[in-house]
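*Asks:*
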Ligand SMILES: [Zn+2]
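Numbering (my numbering), first residue to last: 741 to 936.
1) Just to confirm my understanding: we take residue 929, look at its own chain, exclude 5 residues before and 5 after, and list those with CB closer than 7 Å. What are they?
2) Is it buried or exposed, residue 821, if we count other Cβ atoms within 10 angstroms and call 16 or more buried?
3) For residue 883, does the count of other Cβ atoms within 10 angstroms reach 16, so buried, or fall short, so exposed?
4) Rounded to whole angstroms, what is the Cα-Cα separation between residue 916 and residue 754?
5) Taking 6 Å as the limit, tell me which residues put their C-beta closer than that to any heavy atom of ligand 1, in chain order.
6) Can the beta-carbon of residue 809 be found closer than 9 Å to that of residue 758?
7) What does DSSP give as the partner residues of residue 838 in its beta bridges?
8) Rounded to whole angstroms, what's the CA-CA distance from residue 841 to residue 868? Just pull it up for me.
9) Distance check for residue 931 and residue 752, CA to CA, integer angstroms please.
10) Can you name the residues that DSSP bridges to residue 862?
11) Applying the criterion that 16 or more other CB atoms from any shown protein chain within 10 Å of the CB defines a buried residue, is residue 781 buried or exposed?
12) Grab me the residues of residue 852's own chain with a C-beta within less than 6 Å of its C-beta, minus the 5 sequence neighbours each way, in chain order.
13) For residue 864, tell me which candidate among 796, 844, 922 has the shortest Cα-Cα distance.
14) Please name the residue, chosen from 763, 816, 829, 787, that lies closest to residue 806 on a Cα-to-Cα basis.
15) Could you check whether residue 789 and residue 800 sit closer than 9 Å to each other, using their CB atoms as the reference points?
16) Whole angstroms are fine: how far does the CA of residue 910 sit from the CA of residue 848?
17) Pull the bridge partners of residue 829 from the DSSP assignment, please.
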């Protein structure tokens with residue numbers, strides 16, 4: 741395993757750890773990837789110093805400057821840095837220098853090789869299945885789910901979803917299904933479950 745691959749593996753294993761990301765940024769600087777290093781540092785800084793106002797046109801504060809620079813770097817390199825995650829997802833969100841959140845169609849969440857590649861490339865901790873209508877109760881949602889059934893879709897994951905209790909809100913159902921999807925994909929990719 742290359743040094744770079746070992747860093748990324750460690751970061752995916754420990755998504756909550758900022759130190760690993762910042763050490764990786766130093767390594768990137770020493771290996772002619774200064775934009776990537778800067779991006780990781782900027783997003784880590786911003787995550788821990790969130791201001792009281794959103795990005796404002798013309799504002800010169802450090803937060804707004806950071807967000808503008810982040811946007812410039814993503815416009816320039818985002819597709820390359822996203823790598824294997826770029827293709828199958830309908831939405832991605834970058835946080836602390838890596839992809840944290842993905843929205844993806846259920847059929848694209850089915851392939852084990854794809855899950856291994858995606859969860860081995862970015863410390864993904866939030867998954868939303870983009871083509872599933874989330875009703876208030878997850879059992880209703882599962883009825884919606886059935887037509888999405890795909891030969892490749894994991895029996896294990898489907899069974900876990902069917903065993904979920906009823907939820908009082910759509911947000912709770914979305915969060916619970918996200919945790920199941922993340923835990924499932926991390927297991928497939930050979931990582932420990934996230935600490936709750
Ligand atoms: Zn500002």
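Every residue, glycine too, gets a C-beta built ideally from N, C-alpha and C.
*Replies:* To lay it out plainly:
1) The answer, listed in chain order, is 855, 856, 859, 860.
2) With 16 or more neighbouring CB atoms inside 10 Å of its own CB, residue 821 falls in the buried class.
3) For residue 883, the predicted structure reports a pLDDT of 49, less than 50, and the residue's modelled location is therefore unreliable. A value from the coordinates is still provided. So residue 883 ends up on the exposed side.
4) Whole-angstrom Cα-Cα distance: 20 Å.
5) Matched residues: 793, 796, 799, 801, 803, 804.
6) Not in contact: residue 809 and residue 758 (Cβ atoms no closer than 9 Å).
7) Within the DSSP secondary-structure output, residue 838 pairs in a beta bridge with 835.
8) C-alpha separation (whole angstroms): 8 Å.
9) Spanning the two alpha carbons is a distance of roughly 8 Å.
10) Answer is none; residue 862 lacks a bridge partner.
11) Looking at its Cβ environment, which holds 16 or more other Cβ atoms inside 10 Å, residue 781 is buried.
12) The residues are 928.
13) The residue with the shortest Cα to Cα distance from residue 864 is 922.
14) Just measuring C-alpha positions, the residue of 763, 816, 829, 787 sitting nearest residue 806 is 787.
15) At a Cβ-Cβ threshold of 9 Å, residue 800 and residue 789 do not count as neighbours.
16) Rounded to the nearest whole angstrom, the CA to CA distance from residue 848 to residue 910 is 22 Å.
17) For residue 829, DSSP records a beta bridge to 844.
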